Amino acid sequence: MAIQAQMSNSGFVFGGCQDENAYGLTNLRCYHSNSNDHHLSVPHIVSAQFQNQRIEIDHYLNTQNERLRMALQVQRRRQTALLVRSYESKIQSLLKQRDDEISRAGRRKVELEECVRRMEMEKVTWQRLAQEREAMAASLRARMKEAAAEDAGSCCVEREREGEEEDEGESRKMVCRCCNSRKSCVIMLPCRHLCSCRDCDAFLDCCPVCNVAKKASLEALL
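Sequential numbering of the sequence shown, starting at -13, is according to the numbering used here.
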């Protein structure tokens, strides 16, 4: 304690940790031992004190530099971790957006494929309907042609039948209305009906068609 007080009065400061103070005291003891042995002068003592102070200051600065370096490393690690977390959050957000876009694109693809499938089915349906209608139209055209041919044939038959009926009618008209066997060749007057043969005319007093009294008769040249 006396040595420490003496060094303090001489301007030597003990302000470090316990190890640093012990280190300084050891140096001072060595110094005093050497000074007592060699009978050094006061300037040498002052120089030794400055040397020890410089050593302590260097040790203190090194310690503070190490602490500052460690603190900077810790701060750098924290900042790096914060930056990584920030980028991770942004990357996660971007990945989520990409996944959402992929999901939407997949749903849109499915919708488009379903739309294409429906359009293909509608196309097949319309093609089938068109083919059915074309076949129906062809069948109707064939039926119309057949009906026209049948109508033409029936018209010809009808005309032939009508002609035959007309011929039969004419033939019946030319038969005597009295005997219904001989051909009519006498015209009754005044009604002008051709309705009697020559043999039956002699016995008729009236027209056998309209029953008008016969005033005269005239034989037709047929």
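Ideal Cβ positions, reconstructed from N, Cα and C, are used throughout, including at glycine.
Values in this document were obtained by computation on a predicted structure and should not be read as measured data.
- C164 and D185 have their C-alpha atoms some 10 Å from each other.
- Residue pairing for M174: DSSP places it in a beta bridge opposite S203.
- The beta carbons of C183 and S203 sit no closer together than 7 Å.
- Residues of the same chain with a CB within less than 6 Å of the CB of I173, apart from the 5 flanking positions on each side, are L180, L204, A206 in chain order.
- Judged by beta-carbon spacing, C162 lies beyond the 7 Å limit of C177, meaning their Cβ atoms are not closer than that value.
- Taking all protein chains shown into account, K200 has 16 or more neighbouring C-beta atoms within 10 Å of its C-beta and is therefore buried.
- As a beta-bridge residue in DSSP terms, S182 pairs with V172.
- The beta-bridge partner set that DSSP reports for C192 consists of A199.
- Each residue's CA atom was taken as its position, placing I41 and L81 some 58 Å apart.
- Note on geometry: alpha-carbon atoms of Q78 and R104 lie some 39 Å from one another.
- Between the alpha carbons of L68 and E74 lies a distance of about 10 Å.
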